[in-house]
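Residue numbering for the sequence shown follows this note's numbering, beginning at 189 and increasing consecutively.
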Amino acid sequence: MKIIIDGNQITDKESLFSLLEKTLNTPEPFGHNLDALYDILSDSGDEITVIFKNTDQLKDSLGSSYFTRLSYVMRKAGATVFEGEEKEESMDLNKMGKERRREYLSNLNKQDKYKALNEIIRNARCVTFFGGAGVSTESGIPDFRSKDGLYNQHDVQFDAYSPEYLLSHDCLVREPEVFFEFYRQKMDVRGIEPNKAHKKLAEMEAKGKLNGVITQNIDGLHQLAGSKNVQEVHGTTLRNYCMKCRKEVPADFIFTSEDKIPTCPYCGGMIRPDVTLYGEGLPDAAWSNAMKMISEADVFIVGGTSLSVYPAANLVRYFNGDYLIIVNMQHTGYDRYADLVFYDKIGEVFSHIEL
Ligand SMILES: [Zn+2]
């Protein structure tokens, strides 16, 4: 919560406390009592930032010693207090050397980290985002490599296979019935909604802050949220094509087809999803676009991936800009190269980005 106390608007204790009561949403007026204010602030679960603006006028109208006590009580109750607008902007990261900046950023508390994140994005010329499975799990998409939660249909015994095999080119061509049974159970994301991270990224792109999204996910949720430039480096479940005549069929074709092995309505060939299976090469166009986007960015945000799987992890090496930001629940091997690291849910972190 942010409370702005502006000397141009606050002309006496009456208006000060009426502002505080309104902002803090207190059930009843607490008079001009600073002890009561202390209790309310320290009991509040929120992180509170207080910004005093036009402090000279405030000191005139409230009295200098009262102003000092007010500010002291707020700090003591746990609020972050800034006096004067210029101090709110005091974190001039661009003027620090890279080493000093990293040290400074790594010592920030959570709230100041969010401020720094916003400052970095605000000053950015071009931001690129690269996301992994963690971006989708917050929409309720399970890790598709796991065999958990599968039920047996059509007499297919998944226990006999590894998840890697079930998602491999070999399985598709040798045992297509097994492949499609697993695929239909695991990859059907119809009805799943984009989350806060997807939506914020789409908004960033619409406002010209983001040059695009690079994703390892194959669920199409970024497009559903409104993102336009999405490079899917592992392909997508939203595209299917015939292995014989290469014609495309609708996105839900495999899920709605009643045949065990979906067949092409034009030539009778086998329909397959345009996802990269184990044993297949990665899509060239998406990868070269991804590398280009990363090399052009001055801010690179990596989220929801442990960066442990190659070649995806290699993408970070193409970044040559100013700020590498990593958001992941667990540590990654690249944390030490990052300027800002959040060990948190990606939706949570992105909900703090103010555009
Ligand atoms: Zn065909």
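The beta-carbon is built from N, C-alpha and C at its ideal position, and this holds for glycine as well. As the structure is a prediction and not an experimental result, all values here were calculated from the model.
Item                                                                                                              : Value
Residues bridged to methionine 458 [DSSP beta-bridge criterion]                                                   : Thr451
Where valine 504 sits in the DSSP three-state scheme                                                              : helix
Check: arginine 427 C-beta below 8 Å from any heavy atom of ligand 1                                              : no
Given asparagine 242 as reference, the closest of Phe538, Glu271 and Gly456 once Cα atoms are compared            : Glu271
Validate contact between the region 243–252 and the region 213–223 using beta carbons, cut 8 Å, 3 pairs           : no
Distance cut-off 8 Å: arginine 434 Cβ against heavy atoms of ligand 1                                             : yes
Contact test: tyrosine 531 Cβ vs ligand 1 heavy atom, cutoff 8 Å                                                  : no
Range covered by the alpha helix (DSSP H) that runs through isoleucine 442                                        : 441–444
Counted within 10 angstroms of its Cβ, other Cβ atoms place cysteine 452 as buried (16 or more) or exposed        : buried
Contacting residues, own chain, Cβ-Cβ under 7 Å from asparagine 383 (five flanking each side not counted)         : Glu326, Ser327 and Gly535
Serine 324, DSSP secondary structure in three states                                                              : helix
Where glycine 549 sits in the DSSP three-state scheme                                                             : Only positions 189 to 543 of the chain appear in the structure, and residue 549 is not among them; the question remains open.
Per-residue DSSP class, three states only, for asparagine 242                                                     : coil
Start and end residues, alpha helix (DSSP H) containing threonine 256                                             : 252–264
Histidine 540 versus histidine 519 - alpha carbon distance                                                        : 21 Å
For glycine 423, the three-state DSSP class (helix, strand or coil)                                               : strand
Strand pairing of cysteine 430, partner residues [DSSP]                                                           : Ile459
Whole-Å CB distance - leucine 543 paired with lysine 397, under 8 Å assumed                                       : 7 Å
Proximal residues to threonine 316 (C-beta, below 6 Å), its chain only, five neighbours per side dropped          : Asn399, Met481, Ile482, Ala485 and Phe488
In DSSP terms, what isoleucine 192 is bridged to                                                                  : Ile239
Reduced DSSP category for isoleucine 482 - H, G, I as helix; E, B as strand; rest coil                            : helix
Cβ contact check for the region 460–468 and the region 346–361: 3 or more pairs under 8 Å                         : yes
Distance cut-off 8 Å: glycine 322 Cβ against heavy atoms of ligand 1                                              : no
Under the three-state DSSP convention, the category leucine 204 falls into                                        : helix
CB contact check: glycine 408 to chain B, cutoff 9 Å                                                              : Absent from the structure: chain B. Only one protein chain is present.
Glycine 457 to lysine 432 span [Cα, whole Å]                                                                      : 5 Å
Exposed unless 16 or more other CB atoms sit within 10 angstroms - verdict on threonine 256                       : exposed
Coil, strand or helix - isoleucine 308 by DSSP                                                                    : helix
Outcome for lysine 275 when other beta-carbon atoms lying within 10 angstroms are tallied against a minimum of 16 : For lysine 275, the predicted model reports a pLDDT of 45, less than 50, meaning its position is unreliable; a value from the coordinates is still stated below. Classification for lysine 275: exposed.
Straight-line gap, glycine 337 to leucine 412 (C-alpha atoms, nearest Å)                                          : No answer about glycine 337 holds up, because its pLDDT of 49 lies below 50 and its placement is not dependable.
Residues near leucine 426 in its chain [Cβ-Cβ closer than 6 Å; skip 5 each side]                                  : Gly408 and Ala439
CA-to-CA distance, tyrosine 226 to valine 504, given in whole angstroms                                           : 46 Å
Histidine 220 vs lysine 190 beta-carbon contact at 9 Å                                                            : no
Cα-Cα separation between histidine 410 and leucine 470, rounded to whole angstroms                                : 20 Å
Nearest-angstrom Cα separation, counted from glutamate 393 out to glycine 414                                     : 9 Å
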